[in-house]
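K.L.:
If you count the sequence shown from 1, position 318 lands on 301 in my numbering, and the numbers rise without skipping.
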Amino acid sequence: MLSSAFLNLSGFGRYPRAQCKVFRPERMKEVVEGLSLADKVIPRGLGRAYGDAAINPHRFALLMERLDRMLAFDEQSRVLRCEGGVTLDDIIMTFLPRGYFLPVTPGTRYCTVGGCFSCDVHGKNHHKDGSFGNYIRSVRILLPNLDVVECSPTKNSELFYAALGGMGLLGVVLDVDIELMKVESSFMVVDFVRTKDLDDTLRTFHERDERYQYSVGWIDCVASGASFGRGVLMFGRHAGLQDLPAPLHENPFGAMPKGHITVPEGVPDFLLNPLTLRAFNALYYLIHPTKEGALVPLLKFFYPLDSVHEWNRFYGKQGFVQWQCVLPYEDGAKNIRFVLETLQRYRCFPYLSVLKRLGNPSGGLLSFPMPGYTLALDFPVREGLFPALDALDKMVVESGGRLYLAKDARMSKETFRATYPSWRRFAEIKRALDRTLKLESGLSRRLGLSEAQ
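#1: With distances taken from CA atoms, which of Asp112, Gly425, Gly149 and Phe188 is nearest Val162?
#2: On the DSSP letters alone, give me the boundaries of the beta strand (DSSP E) that Cys308 sits inside.
#3: For Val87 and Val69, what's the separation of their Cα atoms in angstroms?
#4: Could you check if Phe6 is buried or exposed, using at least 16 other CB atoms within 10 Å of its CB as the buried criterion?
#5: Mind reading off the beta-carbon distance from Ser114 to Asp103? Whole number of angstroms is fine, and I expect it under 8 Å.
#6: Please name the residue, chosen from Ser60, Asp174 and Val322, that lies closest to Gly276 on a Cα-to-Cα basis.
#7: For the 8 Å Cβ check, are there 3 or more pairs between the region 302 to 309 and the region 374 to 384?
#8: If you reduce the DSSP assignment to three classes, tell me which class Glu366 lands in.
#9: Considering only DSSP beta bridges, list what Val172 is partnered with.
#10: Let's see if you can read the secondary structure: which residues bound the alpha helix (DSSP H) around Ser427?
#11: With DSSP as the reference, please indicate the residues paired to Asp158 in a beta bridge.
#12: Would you identify the three-state DSSP class for Phe6, choosing helix, strand or coil?
#13: Tell me which same chain residues have a C-beta within less than 6 Å of the C-beta of Trp201, skipping the five on either side of it?
#14: Just mark His189 as buried or exposed, buried being the case when its beta carbon has 16 or more other beta carbons within 10 Å.
#15: Nearest-angstrom Cα distance between Ala238 and Leu288?
#16: Just to confirm the assignment, what range does the alpha helix (DSSP H) spanning Arg261 have?
#17: Ends of the alpha helix (DSSP H) at Gly97?
#18: What residues in its chain sit with their C-beta under 7 Å from that of Thr273, if we drop five residues either side in the sequence?
#19: Tell me which residue opens and which closes the beta strand (DSSP E) that Asn(-9) is part of.
#20: Could you give the DSSP three-state label for Asp226: helix, strand or coil?
#21: Rounded to a whole number of angstroms, what is the C-alpha to C-alpha distance between Arg220 and Met171?
#22: Alpha carbon to alpha carbon, what distance is there between Leu227 and Leu278?
#23: For Leu54, which residues in the same chain have their Cβ closer than 8 Å to its Cβ, ignoring the five residues on either side in sequence?
#24: Is the CB-CB distance between Glu167 and Pro235 below 8 Å?
#25: How do the region 249 to 260 and the region 136 to 149 stand: do at least 3 beta-carbon pairs fall below 8 Å, yes or no?
#26: Which residue wins for smallest C-alpha separation from Lys413, given the options Ser433, Leu254, Glu48 and Leu20?
#27: Start and end of the beta strand (DSSP E) containing Ile202?
#28: Going by the DSSP bridge assignment, what does Gly355 pair with across the sheet?
#29: Do Val62 and Leu45 come within 8 Å of each other at the CB atom, strictly closer than that value?
#30: What are the boundary residues of the alpha helix (DSSP H) that Ile38 is part of?
#31: Comparing alpha-carbon positions, which option in Tyr195, Gly299 and Tyr93 lies nearest Asp361?
#32: What is the C-beta distance between Leu426 and Ala36, in whole angstroms, given that I count them as a contact (C-beta under 8 Å)?
#33: Can you list, in chain order, the residues of its chain whose CB lies under 7 Å from that of Arg194, leaving out five sequence neighbours each side?
#34: By DSSP's criteria, Thr77 is part of a beta bridge. Which residues make up the other side?
#35: Which term fits Gln305, buried or exposed, when burial requires 16 or more other beta carbons within 10 angstroms of its beta carbon?
#36: Quick check: Pro280 and Ser198, are their CB atoms within less than 8 Å of each other?
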């Protein structure tokens, strides 16, 4: 019989934490056994959702990371079939040397395919290429009644679009067919653009990112006065052989990781304060002048923080929360200005701030992306933070935007329902498929998705 144990779990933000009873299946029949034995359970991959999406306080979590086999690959269609516990790192290390890469990837490669589907993750190219779900050709899901259903955009499509971005609340992702893309090298051609203020930042985004497949920006949330909203923007495309110097032509996939550092436990909280943040931001801005056509290793461009393992420990023992919103383009500049001004007024400064542009939605009922600016901000959990974020939530509701469920740890049920108009249809489908509400998480209970409505 599948054995269980108690573990203290959190998301990547290390806030909140909770005791959970866990099963760790190693084969498909044990996944079925675990789902059958648990009264309340949530599937969990590598736990890279930031908040409480993959924890289930005082209840069960089904740890899926050992279901990690690659099952088949079709060279002609570029479709990979793999189990839900396969990581993006597994795929990249196997297929990048053969000339294939992921068509959409989040900012870490240490997450599972099942988790990426369940969160419908997006990347630096959403304004061009959409989200993860746009490249899923088929998925097999184990439902709470232990039926296995294959679904796709054309087969059992209602289940497909409910489970896409559905945070693991409809079933367990067993395996996935994902279409990869061809690349000619493991390098990117990147333009760095340093902007002087917020108007310059947003104007440069609009002028350049339609010409580039990938775009992302860092904003200095501490800068004020004439430098308010200044930043460093990156625009990139995959490097072809013609972009590489002659010595790399024989080995265009030679830029692979060379090791990493690990942040120890017990980083002192006092290292993160407004003075050190101001100094870091000034230095970062200074060392990133405008530069055109830089050749950057692909993994460094997409996953700059993956070379620092356990970097979330920098935020101290209380952990951190990420507040990620999407704001419609209409009034987007005004609302981003409101975010920065509010944070300065509350003196709640994010230690990481990322700006991207999003395009059309994927169709997932609870998927996050919609046309607009997305701003992701990391804050150490400290006194006074949540009132500031509550003020920002109110603006998001009024603007017609929303918050990202995969990053959220504290949004209210009212904010969720006001910003995800398809929540009611999702709840109806969940009740039809999961009558006893077996699949639940800290997030689903907090947002009212585990209620018998």
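Note that beta-carbon positions come from the ideal geometry of N, C-alpha and C, so glycine has one too.
P.N.:
Once the coordinates are examined:
#1: Residue identity check: residue 162 is Glu in the sequence provided, not Val. Nearest option by C-alpha distance: Asp112.
#2: Per DSSP, Cys308 is one residue of the beta strand (DSSP E) stretching across Phe303 to Leu310.
#3: Across the structure, Val87 and Val69 are spaced so that their CA atoms are roughly 16 Å apart.
#4: By the neighbour-count criterion, in which a residue is buried when 16 or more other Cβ atoms sit within 10 angstroms of its Cβ, Phe6 is buried.
#5: That pair is a contact at about 5 Å.
#6: Minimum Cα distance to Gly276 is reached at Asp174.
#7: Below 8 Å, enough C-beta pairs join the region 302 to 309 and the region 374 to 384 to call them touching: three or more.
#8: Correct three-state label for Glu366: coil.
#9: According to DSSP, Val172 shares a beta bridge with Arg220 and Leu278.
#10: Per DSSP, the unbroken alpha helix (DSSP H) holding Ser427 starts and ends at Gly425 to Arg429.
#11: Its beta-bridge partners are Glu66 and Arg123.
#12: Reduced to three states, the DSSP call for Phe6 is strand.
#13: Hits under 6 Å: Gly214 and Val215.
#14: Burial call: exposed.
#15: Taking the straight line from one Cα to the other gives about 16 Å.
#16: Its alpha helix (DSSP H) spans residues Pro257 to Leu269.
#17: Start and end: Val96 to Cys102.
#18: Short of 7 Å from the beta carbon of Thr273, and not among the five residues preceding or following it, lie these beta carbons of its own chain, in chain order: Phe175, Val176 and Arg177.
#19: Run containing Asn(-9): Ser(-13) to Ser(-7), per the beta strand (DSSP E) assignment.
#20: DSSP places Asp226 within a helical segment (H, G or I) once states are collapsed to three.
#21: Computed Cα separation, rounded: 6 Å.
#22: Roughly 8 Å between the two C-alpha positions.
#23: The answer, listed in chain order, is Arg64, Cys65, Glu66 and Asp158.
#24: Between Glu167 and Pro235, the C-beta spacing is below 8 Å.
#25: The answer is no - the region 136 to 149 does not touch the region 249 to 260, with fewer than three Cβ pairs under 8 Å.
#26: Closest option to Lys413, Cα to Cα, is Ser433.
#27: Boundaries of the beta strand (DSSP E) harbouring Ile202: Tyr197 to Ile202, taken from the DSSP string.
#28: Leu341.
#29: Going by C-beta atoms, Leu45 is not nearer than 8 Å to Val62.
#30: Unbroken run through Ile38: none, as it is neither H nor E.
#31: Checking every option, the nearest Cα to that of Asp361 belongs to Gly299.
#32: With 8 Å as the limit, Leu426 and Ala36 qualify as a contact, their Cβ atoms being about 4 Å apart.
#33: If we look at Arg194 and ignore the five residues flanking it on each side, it has no Cβ neighbours.
#34: Answer is none; Thr77 lacks a bridge partner.
#35: By the neighbour-count definition (other C-beta atoms within 10 Å, threshold 16), Gln305 is a buried residue.
#36: Annotated as distal: Pro280 and Ser198, with beta-carbon spacing of 8 Å or more.
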